[in-house]
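Colleague: For the record, the sequence lines run as chains E and D. For the first sequence, position 246 matches number 246 in the numbering used here, and the numbering has no gaps at all. If you count the second sequence from 1, you need to add 407 to reach the numbering used here.
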Amino acid sequence: MTFDPLAERGIPVEDQFRSWAELNVEPYDKLDVHPYTRARVILMNGIEVESIIFSHQFARQTDNAEILRALALSRRVEQQQQKVVNGLNPGNQSPLETTIGYEQVAVDLTSWLARHEPDPMLKQALDFALLEDFDHLYRYADLYDLLDGENADQLTKHLTEITPGRPTFAHHRHPYDELKAHYSTNTVDPLSRLHVMTIVAAEQQTMNFYMNHAADWVEPIARGLYVEIGMVEEQHVSHYESLIDPLDSWCKQWVFHEYNEVYLYWSMMEQEIDPGVKRIWELHLDMEIGQLQEACRFLRKYEGVEPQEILPPALPDTPLVFEENKAYVREILATEYALRTDGFDYVDVDDLPSDHRYFEFQAVMNRDGNPSEQVVNEDRAEAGTEYRDETDGDNPIEELRPVAATS
Amino acid sequence: MPTLTPTKATGGVTKLVPAIYAEPDRQITDADLASFMAGSELNGPFMAEMLSGMLAHERCGRHLYRSCEGRTLNPILQAKYREFGEETEQHVEILEQLITESGGNPSYVGPMARAVLGTDTNLVQSTFLLEGSLDLMTAETSMLDAVFLAESMDHTNWKLFTRLTETMPDGDLRSRYEAASRQVEPQEDEHLGWATQTKERLTLLQATSEAPAGSKADELIARVKNWLAD
């Protein structure tokens, strides 16, 4: 059955405000929660944050009172939605445990998007960064083992493997090499547009989280690791946002944001197994439909564009699903481990000329070593072995297999 | 119904340039465009770009007229925006048909169309993003100015279209282009003429009438509504 949000009324935006008690929700249990419920919470928090940041940016471009009021109204509601979603995270879940959740989201979200992406260029962009987030999960899991003596698999529940990807030290490339060709708004598949908007929001949330939490730790190794990986998340946001066509007007971008939120809350609702969390996705879906209708009203009024001109006749048939992607990640790791970027292109590291800016940038950034390597070395030295969760066999790349601790 | 916003669903295609990418079945190359307007003795790839730019401008014009029609407080301006918007939509249909008959794809949005879309997107946004700092009269003038600017470009586009048509050898294609020119050019003359004259009238009207400073909102609205009534 197809679902056309434009044919639905949803909840009028004026009727969407909730009381303080309604906003202060019961958090999940960090050890009992299904990892993909946590993943959905993390993703939708990032989606709401993006919608709020977008709305603020739009508001700074106009003094049109009607538009400003509509943005302020819907933004306040989005803020309430963000408080509810983020409030599902429990207070006894440490920032490092939340971080492991973030990286599990990055791995399984990016994999799912790549598997379902119709455009080969966009799939390549996703596959490339997938291997980097996959490696981040491994580095943070080792930090968790080192600092807390805990296994990350109690959080990930073996649904996502924890083993090296493209090593983090290799991610530090010149900023120019993050930027890619973008899709055309007049030819892009509607699903591709949603995919790119979703991954930009998710990576942006990860970037913001690390920007704010790097200073939470006393231990220099933890602070250093958050700084190093936080910089890679800045790279990923630059990488993904460069895929978006800048041609769309502010009102069109507003409509696309709301449409993506409708798609994602519908997706989350369809797969959620926690009844309390599912009720939140249902409510937020109805709210987003109301917000979409409002954005469409402004598109019609101020730009003379009917929303049906730019939106598909129905949501994509397939909801975005959090599920295991182990075989897919292994396949991409085996085939794209050695890839680097050269301007808009992806090339094997052996094909980069020796004077390429990649190597110059590496020499500057890595000249005093890397926290991402130190954390594994220290974990290995302390525990006798580094932490991994390889459920499906050895790492497909021989040089990424464990080495013995040296005294 | 013409297509006002090309998308993948309407058959949208584009040309790869360094900063833009499309799925393989959405890509057009200069080699593909080489046969456009075959037999016309004109540069096919250039003409494909030019006509896609003209078409993009007509499509944006339709959107601009819809927007202005819905927002103006003046019934006479509103009627003209409606009338010219409907004619502009016909121009979209005419260009779509001509491009198809010339061996092209009316959903091709190449570099020239993108440049036009960039200009026209900002033109329509200029009529409302700063509305809060405009009085009612200036807001109306801003919409009329956008129409004037859009029609100036439109008028020039069709003049050039006619001149290029005159260079084409006799034949079926030229006949089709001449028919389009005969139908559209007088309308474009009228659109630009009306926009120019109306801008003059409104300017003179305001310059020679009492200053509205301190007037109440309902008085200003009444004033705008009564513009051009005589």
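Note that CB positions come from ideal geometry on N, CA and C, so glycine has one too.
(1) Mind reading off the beta-carbon distance from Glu503/D to Thr410/D? Whole number of angstroms is fine, and I expect it under 8 angstroms.
(2) Restricting to Cα atoms, I'd like to know which of Tyr584/D, Glu448/D, Tyr515/D and Asp552/D is closest to Ala429/D.
(3) Can you find a CB in chain E that lies within less than 9 angstroms of the CB of Ile427/D?
(4) DSSP state of His172/E, grouped into three classes?
(5) With DSSP collapsed to three states, give me the class of Thr341/E.
(6) Taking 8 angstroms as the threshold, find out whether the segment 260-269 of chain E comes into contact with the segment 310-330 of chain E through three or more Cβ pairs.
(7) Using only the alpha-carbon positions, how far apart do Gln291/E and Phe58/E sit?
(8) Within 9 angstroms (strictly less), CB to CB, does Ser509/D reach chain E?
(9) So which residues on chain E does Pro413/D lean against when the C-beta distance must stay under 9 angstroms?
(10) Count the CB pairs spanning the segment 384-392 of chain E and the segment 282-290 of chain E that are closer than 8 angstroms, and state whether there are at least three.
(11) Three-state secondary structure (DSSP) at His182/E?
(12) Determine the direct distance from the alpha carbon of Glu496/D to that of Glu456/D, and round the result to whole angstroms.
(13) Please report the residue range of the alpha helix (DSSP H) in which Phe359/E lies.
(14) Chain E partners of His470/D, CB-CB under 7 angstroms?
(15) Output yes if chain E places a C-beta closer than 9 angstroms to the C-beta of Glu617/D; else output no.
(16) Checking 9 angstroms against the spacing of the C-beta atoms, do Asp351/E and Leu536/D come in under that value?
(17) Against Leu247/E, what residues of chain D qualify as contacts under a CB-to-CB distance less than 8 angstroms, listed in chain order?
(18) Below 8 angstroms on C-beta distance, what does Asn64/E contact in chain D?
(19) Could you pull out every residue in the same chain whose Cβ sits closer than 7 angstroms to the Cβ of Tyr226/E, ignoring the five residues on either side in sequence?
(20) DSSP three-state label for Val347/E, please.
(21) Restricting to Cα atoms, I'd like to know which of Arg223/E, Leu122/E, Phe128/E and Thr156/E is closest to Arg193/E.
(22) Tell me the residue span of the alpha helix (DSSP H) that contains Tyr472/D.
(23) Could you give the DSSP three-state label for Lys623/D: helix, strand or coil?
(24) Excluding the 5 residues flanking Glu547/D on each side, which residues of the same chain have their C-beta closer than 8 angstroms to its C-beta?
(25) Using 8 angstroms as the threshold, is the segment 37-47 of chain E in touch with the segment 227-234 of chain E, meaning 3 or more CB pairs across them?
(26) Counting only Cβ pairs nearer than 8 angstroms, list the residues of chain D close to Trp250/E.
(27) Just verifying my parser: in three-state terms, what is the DSSP assignment at Val25/E?
(28) For a quick check, are the C-beta atoms of Asp133/E and Thr110/E less than 9 angstroms apart?
(29) Is it right to say Asp368/E is buried, meaning 16 or more other beta carbons lie within 10 angstroms of its own, or is it exposed?
(30) His182/E CB to nearest chain D CB: under 9 angstroms?
(31) Among all the DSSP beta bridges, which residues are the ones paired with Val420/D?
(32) Quick check on Ile162/E: does DSSP put it in helix, strand or coil?
(33) Rounded to the nearest angstrom, what separates Ala636/D and Glu78/E at their Cα positions?
(34) Please report the Cβ distance between Ser509/D and Leu580/D, rounded to the nearest whole angstrom; I am assuming they are in contact, meaning their Cβ atoms lie under 8 angstroms.
(35) Alpha carbons only, please: which of Thr574/D, Val499/D, Ser616/D and Ser540/D is nearest the one belonging to Asp561/D?
Modeller: In brief:
(1) 7 angstroms
(2) Tyr515/D
(3) yes
(4) coil
(5) strand
(6) yes
(7) 15 angstroms
(8) no
(9) Asn186 and Thr187
(10) no
(11) strand
(12) 20 angstroms
(13) Arg357 to Met365
(14) Glu303, Gly304 and Val305
(15) no
(16) no
(17) Arg521, Leu524, Gly525 and Thr528
(18) Phe535, Leu536, Leu537, Glu538 and Gly539
(19) Tyr210, His213 and Ala214
(20) strand
(21) Leu122/E
(22) Gly451 to Arg478
(23) coil
(24) Thr479, Leu480, Asn481, Leu484, Leu609, Val631 and Trp634
(25) no
(26) Gln532 and Leu536
(27) coil
(28) yes
(29) exposed
(30) yes
(31) Tyr515/D
(32) strand
(33) 46 angstroms
(34) 7 angstroms
(35) Val499/D
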